[in-house]
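Worksheet for the structure shown next.
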Amino acid sequence: MKFVTDIKNTRQEEKQQTTKVYETKDLNLWYGNTHALKNVNFPIYEQEVTAIIGPSGCGKSTFLKTLNRMVELVPSVHTSGTIEYRGENILAPDFMVEDLRTKVGMVFQKPNPFPKSIYDNIAYGPRIHGIKDRKILDEIVETSLRGAAIWNEVKDRLKENAYGMSGGQQQRLCIARALAIEPDVILMDEPTSALDPKSTLKVEELIQELKKDFSIVIVTHNMQQAARISDRTAFMLNGELIEYDYTDDIFQHPKDERTEDYITGRFG
Amino acid sequence: MIENNKESTSTVRVKSMIEQNRQRQSFRAVSEKAVPTVLLVIALISILTTIGIVFVLITETFEFFNRVSLVEFFTGTVLRPLSQDPKFGILPLINGTIISSAIAMFVAGPIGMMTAIYLSEYASDKARRVLKPVLELLAGIPTIVYGFFAFTFVTPFLRQFIPEMSATNILAPGLVMGVMIIPMIASLSEDAMSSVPNAMREGALALGSTKLEVTFKVIIPAAFSGIVAAFVLGISRAVGETMIVAIASGSSKNFTFDITQSMQTMTAYVVEVAGGDASPGSTIYYSLYAVAMTLFMFTLLMNILARYIARRFREEY
Amino acid sequence: MTTHIQSEKVRNRMKRRVALNKGLSGVFLLATMFGVFVLAVLFYQILTEGMPYINLDFLTGKLSTMPERAGIMGAILGTLWLMAVVIPVTIVLGVGTAIYNELYAKEGKLQNIIQTNISNLSGVPSIVYGILGMTIFASLLKLGSVVLAGGLTMSLLVLPIVIVSSQEALRAVPSYLSEASIGLGATKWQTIKNIILPAALPGILTGAILALSRAIGETAPLVVLGIPALLLPFPGGLFDRFTVLPMQIYYWTLDASLVAEYQFLASATIIVLLAMLFILNGTAIVIRNKFQRRY
């Protein structure tokens, strides 16, 4: 298939032995009586981009939000099974979610900067974690904005409200905001679905760059995007994980018929 | 494309700083637990107000009915609290309250309704932008000012036409109370009417209806529950209104239907007695609570009724 | 095919229907203008009667039984003292309750009870609050007719307004803002303090100002509390006896039949009261417009 780019060819064979960041075992999740995730077993590997694709309502966003337990913002959610992050079960009742969310950053579907200045948006994370020193904050802001490839565009207007930026810039600002507390994993929930093609491309390039330092899990409804940027791809359907493999393999030799139907567009 | 990669030194630093801060997080954990508790206490204080009102009213009303029988209170037409042989019939007050509220609704009902129709169905955006703030202004004027207006302007004005009218009477404050309630009826009814979907308007207009027919045959029936709720709230407001009647309708406790004469409402009675020297412990002091309790129960029922109507009979569009 | 619609008849009727529509639309407009008209008459009366009495001596002078020497400084100060109690009490109780209800309370019984209570409270006549204030603050706590008793009574009266408007303001903050904050590892309270409250602040302030203007225009509860008519010393603290502008208007209006000028003094005091209300409401509008948020 054409859309497998050369980036993927740099994949090293030793990836097979990479450590797992997440290990999900027999995860079930219900919204009230709706069974949204069914027996999901899903390892996520370090310093890779893992893409999750599937039709809307398949549970891919739900799964992503379970990885930092943001899913609990919806009342009436309950779960069974385990998700181990670095060996610790994050679904355990006494687990401290704030700690998890500090280490696992999130970028949302729609850019959601705070109604504050660009500077304060970036500094928000460090500040709530107790970093108050102005000099250190200045440095963090610059490093994060550079990391999100937006420093040159905004360095002269750090004090301006973030809502004066374009949608694409806002989304990269949100990525920078996540970088500022130096997470281990970054979860991205359809981060380009609200962006124009040019901004999308920029964000995609950025993801490639970020992979060197972070493990990234991205939910996308855009199969080409998954093929372009991810190392592994998971296909979900009706709350089940149907197939999960290296991206090349998934797109070139899908093992499951349903995966093939979806990839080739035969799927409703 | 990446301008400058993150320096690895910085990486280590921020992470470790966050980790360090996490070690002494006990304060954060405490405040995280304490805040909801403090807020719950605050919310409970707010509830305590209702409980306080009800408790105060009930205990003192109970004392009142130890001295005056329920039958006398609710069926007596003679209210003579200060006489040697005091009588505590509430009917003159209920009569005054009903008459003043009826006069008020006689003004506020039709005018408020027509205002709502105009604003919702006829007015241009521009007219609406001017008229709505004026109505808000009317709603924001303190009732004491309306009382002043009723007493020093409306009554003298009416007496030019009705010479036998008394200087304190129930008509003038009733009318002014009506003016005061217009904005309330108008804005609540307008809300109900403008929330009727446009598709219903367009459907009727496309059949050749005039705006008037659309309004009366489509919009008002669809918005009916909201409009009724507005009227109920308007009545409740009129019953609870105090200063206008306290100033302009005098303190006559006669059981009469002559609207050109002075009458007292329940609220005005409370003002008169509490503002005078009702020594705590006297029967007349306790009568305050019995009257206030009646007032409270009535307005509470009206409010519950209004909410029930608005919810229960809402049209499903 | 027979047609039931006879165009002749329809056209004749149509003329009538259109004319009726036109005529009644004029009636509706007139009804709407009625309120405007009353407002104009009211303002005209107050301004013509009151303006001549407004001068520095009137604004800064003490009360007097002699109309030409009467001033309302005491009532102005009393109103300001009342505000000094109402503002902190309603903001702490009102915003606190709103935060609890909107952001902490689990959907269920308790939240329902609180919610029903608040909507019932807002319909209780102000005079009943006066009875509550008289019984609890003035008698039970033995405060008497002092600033604190009046202020607490008024605070309870306007509390539902502050709670309801704060709840609406909090609800209007988009959930994606708090999600962003929580996603960064912020705790619930950090998110509320740093993100939700600042975003809701304009709405909260607007509601608080409207409640405040209700509080300084109310009279009935203070009459019940026994706020005096003629009070010479100026209030200087929470435990001083006091009077306020609406009380002054009330007594002057009642006595207008005894001394004719009292009516004009009442008008002049109304002008001062309305001016304060306009300033407050103007501030609310400015806040609403200036801090209208972009997100």
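Sequence order for the protein chains is A, B and C. Here the first sequence is numbered in my numbering, starting from 1 and rising by one per residue. Here the second sequence is numbered in my numbering, starting from 1001 and rising by one per residue. Here the third sequence is numbered in my numbering, starting from 2001 and rising by one per residue. All C-beta atoms, glycine included, are put in the ideal place defined by N, C-alpha and C.
Worksheet item: A:L187 and A:N41: beta carbons closer than 8 Å?
Response: no
Worksheet item: Would B:K1033 count as contacting chain A if we go by Cβ distances under 8 Å?
Response: no
Worksheet item: Should A:Q12 be labelled buried (16 or more other beta-carbon atoms within 10 Å of its own) or exposed?
Response: Low local confidence applies: a pLDDT of 46 at A:Q12 is under 50, so the model's placement there is unreliable, with the coordinate-based value given in what follows. Counting Cβ neighbours within 10 Å, A:Q12 comes out exposed, since fewer than 16 surround it.
Practice prompt. Taking only the alpha-carbon atoms, compute the straight-line gap between C:P2052 and C:T2269 and give it to the nearest angstrom.
Written response: 12 Å
Worksheet item: If you scan the region 44-103 of chain A from start to end, which runs of the beta strand (DSSP E) of 3 or more residues do you find wholly inside it?
Response: 49-53, 77-85
Discussion item. Is C:T2269 close to the ligand GDP? I mean its beta-carbon at under 7 Å from any heavy atom of the ligand.
Written reply: The ligand GDP is not part of this structure, which contains no ligands at all.
Fill in: Chain-order list of residues whose beta-carbon lies under 6 Å from that of A:K60 (same chain, five-residue window excluded)
I52, G54, V219, M236
Item to complete: Please decide whether A:I131 counts as near chain B, where near means a Cβ-Cβ distance under 8 Å.
Response: yes
Item to complete: Hey, could you find the ends of the alpha helix (DSSP H) C:V2124 is sitting in?
Response: Unbroken run through C:V2124: none, as it is neither H nor E.
Practice prompt. Within its chain, find whatever has a CB closer than 6 Å to the CB of B:I1099; leave out the 5 residues flanking it on each side and keep chain order.
Written response: I1170
Discussion item. Taking CB distances under 8 Å as the criterion, tell me whether A:P55 reaches chain C.
Written reply: no
Practice prompt. Answer yes or no: do A:R232 and A:T50 have a C-beta to C-beta separation smaller than 8 Å?
Written response: yes
Worksheet item: Leaving out the 5 sequence neighbours to the left and right, which residues in its chain are closer than 8 Å to B:V1270 when beta-carbon positions are compared?
Response: T1242, L1288, V1291, A1292, L1295
Worksheet entry | Beta-carbon separation (whole angstroms), B:L1091 vs B:F1255, contact threshold 8 Å | 6 Å
Item to complete: Output the distance between the C-alpha atoms of B:S1279 and B:Y1286, rounded to the nearest integer angstrom.
Response: 10 Å
Worksheet item: Cα separation between C:V2224 and B:I1181?
Response: 23 Å
Fill in: Cα-Cα separation, C:Y2085 to A:M106
Reading off the sequence, residue 2085 of chain C comes out as Val, not Tyr. Between C:V2085 and A:M106, the C-alpha separation is close to 45 Å.
Practice prompt. Using beta-carbon positions only, say whether B:L1137 and C:L2039 come within less than 8 Å of one another.
Written response: yes
Discussion item. Within the continuous alpha helix (DSSP H) that includes C:E2008, where are the two ends?
Written reply: 2007-2050
Fill in: For A:M236: DSSP bridge partner residues
A:L241
Discussion item. I want to verify the contact list: residues of chain C whose CB lies under 8 Å from the CB of A:E98, in sequence order.
Written reply: G2185, A2186, T2187
Worksheet item: Counting along the chain, where does the alpha helix (DSSP H) carrying C:L2281 start and finish?
Response: The sequence given here has Asn at residue 2281 of chain C, not Leu. Per DSSP, C:N2281 belongs to the alpha helix (DSSP H) from 2261-2290.
Practice prompt. Give, in chain order, every residue of the region 2141-2170 of chain C whose Cβ lies closer than 7 Å to some Cβ of chain A.
Written response: none
Practice prompt. Using only alpha-carbon positions, find the residue among C:R2013, C:Q2045, C:V2147 that is nearest to C:I2271.
Written response: C:Q2045
Worksheet item: Between which two residues does the alpha helix (DSSP H) containing B:I1170 stretch?
Response: Where B:I1170 is concerned, there is no enclosing alpha helix (DSSP H), given that its DSSP letter is neither H nor E.
Worksheet entry | Exposure label - C:L2277; buried when at least 16 CB within 10 Å | buried
Worksheet item: A:Y188 lies in the beta strand (DSSP E); which residues open and close that run?
Response: The amino acid at residue 188 of chain A is misidentified as Tyr; the sequence shows Met. 185-189 is the extent of the beta strand (DSSP E) around A:M188.
Fill in: Selection from C:W2189, C:F2239, C:A2275 that minimises the alpha carbon distance to B:E1032
C:W2189
Worksheet item: When the Cα of B:I1259 is compared with those of B:I1051, B:P1173, B:T1061, which residue comes out closest?
Response: B:P1173
Practice prompt. Could you have a look at A:I263 and say whether DSSP puts it in helix, strand or coil?
Written response: helix
Practice prompt. Spatial neighbours of A:T192 within its chain, please: CB distance less than 6 Å, with the 5 preceding and 5 following residues excluded, ordered by chain position.
Written response: T200, V203
Worksheet item: For A:E88, which residues from the same chain have a beta carbon less than 8 Å from its beta carbon, with the 5 sequence-adjacent residues on both sides left out?
Response: F95
Discussion item. Please tell me whether A:I140 has its Cβ less than 8 Å away from any Cβ of chain B.
Written reply: yes
Worksheet item: In three-state terms, what does DSSP make of C:L2245?
Response: helix
Worksheet item: Residues in the region 69-89 of chain A with C-beta within 9 Å of chain C's C-beta atoms, listed in sequence order?
Response: M70, L73, P75
Worksheet item: Can you list, in chain order, the residues of the region 1133-1146 of chain B whose Cβ is nearer than 9 Å to any Cβ on chain C?
Response: V1134, L1135, E1136, L1137, L1138, G1140, I1141, P1142, T1143, I1144, V1145, Y1146
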